[in-house]
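Chains as they are written, first to last, in the UniProt record's numbering: chain A, 1 to 343; chain H, 1 to 343. For every residue, glycine included, the Cβ atom is placed at its ideal position computed from N, Cα and C. Since we're looking at a predicted model, the values are computed, not measured.
There are 2 protein chains.
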Amino acid sequence: MARPTIADIARRVGVSKGAVSFALNGRPGVSEATRARILQVADEMNWRPHSAARALGGARAGAVGLVLARPASTLGVEPFFAQLLSGLQARLSAESMAMNLLVVEDSAAEIETYREWTSAHRVDGFVLVDPTVRDPRFEALEALGAPAVVLGGPGRFGALSSVWADDREAMLSVVDYLAALGHRRVAHVAGLPGLRHTQRRIRALRDSVRRLGLVDTVSLPTDFSDAEGAAATRTLLSRPGRPTAIVYDSDVMALAGLGVAGEMGVRVPGEVSIVSFDDSVLTRVTHPGITSLSRDTIALGGQVAEVLLQVIADPALRRDVKTATPRLVVRESTAPPAPGTAG
Amino acid sequence: MARPTIADIARRVGVSKGAVSFALNGRPGVSEATRARILQVADEMNWRPHSAARALGGARAGAVGLVLARPASTLGVEPFFAQLLSGLQARLSAESMAMNLLVVEDSAAEIETYREWTSAHRVDGFVLVDPTVRDPRFEALEALGAPAVVLGGPGRFGALSSVWADDREAMLSVVDYLAALGHRRVAHVAGLPGLRHTQRRIRALRDSVRRLGLVDTVSLPTDFSDAEGAAATRTLLSRPGRPTAIVYDSDVMALAGLGVAGEMGVRVPGEVSIVSFDDSVLTRVTHPGITSLSRDTIALGGQVAEVLLQVIADPALRRDVKTATPRLVVRESTAPPAPGTAG
DNA sequence: TCCGGCAACTAGAGCGGTTTAGTACCTCGG
DNA sequence: CCGAGGTACTAAACCGCTCTAGTTGCCGGA
Chain A
1 MARPTIADIA RRVGVSKGAV SFALNGRPGV SEATRARILQ VADEMNWRPH SAARALGGAR
61 AGAVGLVLAR PASTLGVEPF FAQLLSGLQA RLSAESMAMN LLVVEDSAAE IETYREWTSA
121 HRVDGFVLVD PTVRDPRFEA LEALGAPAVV LGGPGRFGAL SSVWADDREA MLSVVDYLAA
181 LGHRRVAHVA GLPGLRHTQR RIRALRDSVR RLGLVDTVSL PTDFSDAEGA AATRTLLSRP
241 GRPTAIVYDS DVMALAGLGV AGEMGVRVPG EVSIVSFDDS VLTRVTHPGI TSLSRDTIAL
301 GGQVAEVLLQ VIADPALRRD VKTATPRLVV RESTAPPAPG TAG
Chain H
1 MARPTIADIA RRVGVSKGAV SFALNGRPGV SEATRARILQ VADEMNWRPH SAARALGGAR
61 AGAVGLVLAR PASTLGVEPF FAQLLSGLQA RLSAESMAMN LLVVEDSAAE IETYREWTSA
121 HRVDGFVLVD PTVRDPRFEA LEALGAPAVV LGGPGRFGAL SSVWADDREA MLSVVDYLAA
181 LGHRRVAHVA GLPGLRHTQR RIRALRDSVR RLGLVDTVSL PTDFSDAEGA AATRTLLSRP
241 GRPTAIVYDS DVMALAGLGV AGEMGVRVPG EVSIVSFDDS VLTRVTHPGI TSLSRDTIAL
301 GGQVAEVLLQ VIADPALRRD VKTATPRLVV RESTAPPAPG TAG
């Protein structure tokens with residue numbers, strides 16, 4: 001027998017489709033005896049709901065959407081997304097919610113996908129990542145009236161809810177640590193300049209200069225690729241008055257930087273200290289291990305999912321959840337600067 | 001105005017719903033003039049198809065499913081999936097097909113997901129990865145009659161189509177290269193022992209012993225994690241008569257192995273050569289760079305998508321596509337063995 | 001002139017659920 | 001013994017789209 005429908009169950013039990021629907025959805029209108037009988041028959045017939053039919057009636061789609069406007073190559077190397085994804089799904093699957101994932105070219109395509117999926121009732125809500133400085137996605141999503149959660153830093157995302165970490169505080173803790181070790185020339189290999197968190201980190205570093213009396217700090221923007229991370233490192237290490245410590249916005253770039261230092265014969269941490277803003281297996285596995293800011297990305301995914309579920313349940317709701325600030329895990333890539341270089 | 005339906009368009013143009021449906025789907029039954037008018041109005045009203053309604057009629061769901069039964073932590077570190085994903089989507093999005101992704105605990109949960117998504121018409125077909133030696137998923141999918149493509153090695157996957165690479169040939173090419181450099185003691189840090197490709201690689205290595213007159217080859221299975229990769233490396237390098245070359249089944253493990261060698265003061269490639277079975281940014285970025293088998297994973301994803309689309313279009317079809325065998329990219333982690341260690 | 005055939009369209013059933021309006025029956029107070 | 005009110009159910013509309021069967025009008029051939 002092909003897929004059974006509630007009509008099949010109704011016939012077999014000898015009740016109406018409506019009664020079956022009530023019973024299967026646990027709502028009042030049927031006696032306990034009838035409900036039990038219907039559930040038993042549904043189970044025997046191996047019935048499963050037809051999500052399309054449900055969605056048609058205006059009910060939940062039973063899925064959330066995540067659209068990424070990042071080049072595929074960038075996606076590949078960062079553990080961040082995979083971990084975020086599994087954290088999201090751990091929470092979502094408890095609610096039998098699926099996840100629609102799409103990788104697109106740019107944010108225009110991303111917005112078009114939001115339109116299509118909303119119109120098509122394909123998803124009940126969206127997760128947004130990588131908020132940029134003047135991000136057209138917020139307005140578009142608000143216009144669509146689709147529930148959404150932004151994963152980003154502090155600040156406003158239109159009327160959208162958010163889950164955020166304090167990048168500023170994290171950067172300050174890194175620079176405080178380096179300054180305490182005696183470093184005065186700290187450089188920063190940043191990520192995409194358009195991203196909000198890149199801006200926040202750059203600003204936090206600049207503020208540290210004044211506060212801690214550092215000299216000569218600089219932030220070089222990159223596209224997060226290993227190639228640009230390596231190039232930026234090469235630039236920094238070739239300068240007269242080279243930095244004694246470099247902070248990288250991602251673990252892949254930190255790793256690339258470590259490679260460049262080795263290549264140039266610059267000892268780590270003897271001549272330059274290295275800190276990564278992201279922790280992952282990569283930072284643990286290298287030799288020397290890389291001092292990193294560590295956070296529980298899987299838990300972060302769970303929090304995002306939680307907030308999204310709440311917003312889906314009550315679209316009028318708006319929540320802004322601050323997550324734990326990443327803490328610094330010290331490994332072998334950081335040490336006090338060599339005497340004579342610290343000026 | 002809320003989301004427009006084809007009925008709204010029909011009313012506005014002054015034709016029936018059926019005519020609108022014909023026009024929008026590019027099928028005969030309306031004149032060119034009417035079709036143009038309908039398309040124009042649809043565009044003006046910003047109409048988008050409601051995929052649930054389409055799926056209800058028994059038509060395509062407009063999505064494919066990828067269910068991964070891997071621990072989230074393993075997922076994170078390998079660029080492989082992200083690249084595969086983007087390759088899949090590049091091809092699928094040309095057909096406006098979306099992708100439903102789910103990470104589950106084990107293959108029982110995976111099979112249950114296949115049941116649910118098939119019943120619910122949520123997807124039109126599936127991509128299967130990580131085929132194991134006696135894999136229950138093939139039978140389950142055949143019973144469901146769902147179109148599917150297995151990404152794996154040569155061999156039968158029940159009646160399912162497949163896209164496969166020749167692991168055996170790849171392993172042989174690695175061992176040939178190492179033997180040509182003069183290595184006689186080659187070790188292998190393998191992946192999960194239950195996976196078919198792990199078995200094939202182990203067998204290929206064993207066969208090389210006889211063919212090339214190597215001594216003392218060994219394959220240590222792992223769970224693909226950096227921890228087990230490091231542990232296996234430690235074991236191998238502590239042995240009397242330690243190997244002069246180690247082949248790793250993944251880039252993360254090769255990286256971990258490189259770290260362990262550094263820790264133990266074993267020079268790479270002076271005292272031990274290292275080869276990774278997977279190429280990615282990680283192998284390029286380290287110092288020394290790791291010699292690796294390289295393949296175009298994004299293109300691979302495209303091929304899988306192509307075959308899946310064909311099988312969805314004609315479920316009776318069965319295709320087995322062999323992909324290009326990975327080619328060896330030599331970097332600095334391999335060299336002839338030091339004199340006196342090669343025996 | 002009439003009819004067959006075709007192009008261009010319409011009407012409406014159907015997909016598998018949900019939901020509302022309505023009905024039959026039971027119970028209980030007065 | 002009657003009617004109000006609650007419970008347990010049925011019938012059917014409805015969601016947006018597809019697709020089949022039918023209808024209309026026009027053209028060309030005998």
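Exercise. If you draw a straight line from the alpha carbon of Gln-310(H) to that of Ser-161(H), how long is it in whole angstroms?
Worked result: 10 Å
Exercise. Taking Cβ positions only, does Asp-226(H) come closer than 9 Å to chain A?
Worked result: yes
Problem set entry | Integer-rounded CB distance, given that Thr-323(A) should sit under 8 Å from Trp-164(A) | 7 Å
Exercise. With contact counted as at least three CB pairs below 8 Å, one residue from each stretch, are the segment 86-94 of chain A and the segment 138-146 of chain A in contact?
Worked result: no
Exercise. Leu-101(A) and Met-97(H): beta carbons closer than 9 Å?
Worked result: no
Exercise. At which residues does the alpha helix (DSSP H) containing Trp-47(A) begin and terminate?
Worked result: That residue, Trp-47(A), is in no alpha helix (DSSP H); it is neither H nor E in DSSP.
For this session: Could you name each continuous beta strand (DSSP E) segment of 3 residues or more that falls completely within the segment 102-178 of chain H, going from the start of the chain to the end?
Result: 125-128, 148-152 and 161-164
Problem set entry | Beta carbon of Ala-245(A) nearer than 9 Å to that of Val-285(H) | no
Problem set entry | Buried or exposed by the 16-neighbour rule on C-beta atoms within 10 Å, applied to Glu-32(A) | exposed
Exercise. Can you give the beta carbon distance from Gly-229(A) to Pro-337(A), rounded, assuming they're within the 8 Å contact cut?
Worked result: Their Cβ separation, rounded to whole angstroms, is 22 Å, which puts Gly-229(A) and Pro-337(A) out of contact at 8 Å.
Exercise. Can you tell me whether DSSP reads Thr-34(H) as helix, strand or coil?
Worked result: helix
For this session: Output yes if chain H places a C-beta closer than 9 Å to the C-beta of Ala-143(A); else output no.
Result: no
Exercise. Under a Cβ-count criterion, where at least 16 other Cβ atoms within 10 Å of its own Cβ denotes burial, should Gly-65(H) be classed as buried or exposed?
Worked result: buried
Problem set entry | Contacts around Phe-22(A), its chain only, beta-carbon distance under 6 Å, and the 5 residues preceding and following it disregarded | Gly-29 and Val-30
Problem set entry | Residues, ordered as in the chain, of the segment 313-340 of chain H that lie near chain A by beta-carbon distance below 9 Å | none
For this session: Taking C-beta pairs closer than 8 Å, name the residues in chain A that Leu-102(H) reaches, listed in chain order.
Result: Gln-89, Ser-93, Ala-98 and Met-99
Exercise. Taking the C-alpha atoms as reference points, what is the distance between Val-15(H) and Glu-105(A)?
Worked result: 38 Å
Exercise. So, does the CB of Val-218(H) fall closer than 9 Å to a CB anywhere in chain A?
Worked result: no
Problem set entry | Ile-290(H) (DSSP reduced to helix, strand or coil) | coil
For this session: Identify, in the order they occur along the chain, each residue of the same chain with its Cβ nearer than 6 Å to the Cβ of Thr-132(A), setting aside the five sequence neighbours on each side.
Result: Gly-194 and Leu-195
Exercise. What separation, rounded to the nearest whole angstrom, lies between the Cα atoms of Arg-3(H) and Arg-122(A)?
Worked result: 14 Å
Problem set entry | Own chain, CB closer than 8 Å to Val-281(H), minus 5 neighbours either side, in chain order | Pro-79
Problem set entry | Test: Thr-286(H) CB closer than 9 Å to a CB of chain A | yes
For this session: Quick one: which residues of the segment 268-292 of chain A get their C-beta closer than 9 Å to a C-beta of chain H? List them in chain order.
Result: Ser-280, Val-281, Leu-282, Arg-284, Val-285, Thr-286, His-287, Pro-288 and Gly-289
For this session: Please classify Met-253(H): does DSSP put it in a helix, a strand, or coil?
Result: helix
Exercise. Does the beta carbon of Trp-164(H) come closer than 9 Å to any beta carbon on chain A?
Worked result: no
Exercise. Beta carbon of Gly-87(H), beta carbon of Ala-299(H): below 9 Å?
Worked result: yes
Exercise. Using 9 Å as the limit for Cβ to Cβ distance, is Gly-18(H) near chain A?
Worked result: no
Exercise. Using CA coordinates, which residue listed in Pro-49(H), Arg-48(H) and Leu-24(H) is at the minimum distance from Arg-37(H)?
Worked result: Leu-24(H)
Exercise. Any idea what DSSP makes of Ala-187(H), helix, strand or coil?
Worked result: strand
For this session: Alpha carbon to alpha carbon, how far is Ala-190(A) from Pro-221(A)? Give it in angstroms, no decimals.
Result: 5 Å
For this session: Could you check if Glu-112(H) is buried or exposed, using at least 16 other CB atoms within 10 Å of its CB as the buried criterion?
Result: exposed
Exercise. With a cut-off of 8 Å, do at least 3 Cβ pairs link the segment 211-218 of chain A to the segment 170-184 of chain A?
Worked result: yes
Exercise. Within 9 Å (strictly less), CB to CB, does Gly-191(A) reach chain H?
Worked result: no
Exercise. Buried or exposed: where does Ser-238(A) fall if 16 or more other Cβ atoms within 10 Å of its Cβ makes it buried?
Worked result: exposed
Exercise. What residues in the segment 111-135 of chain A bring their beta carbon closer than 7 Å to a beta carbon of chain H?
Worked result: Arg-115, Glu-116, Ser-119, Ala-120, His-121 and Arg-122
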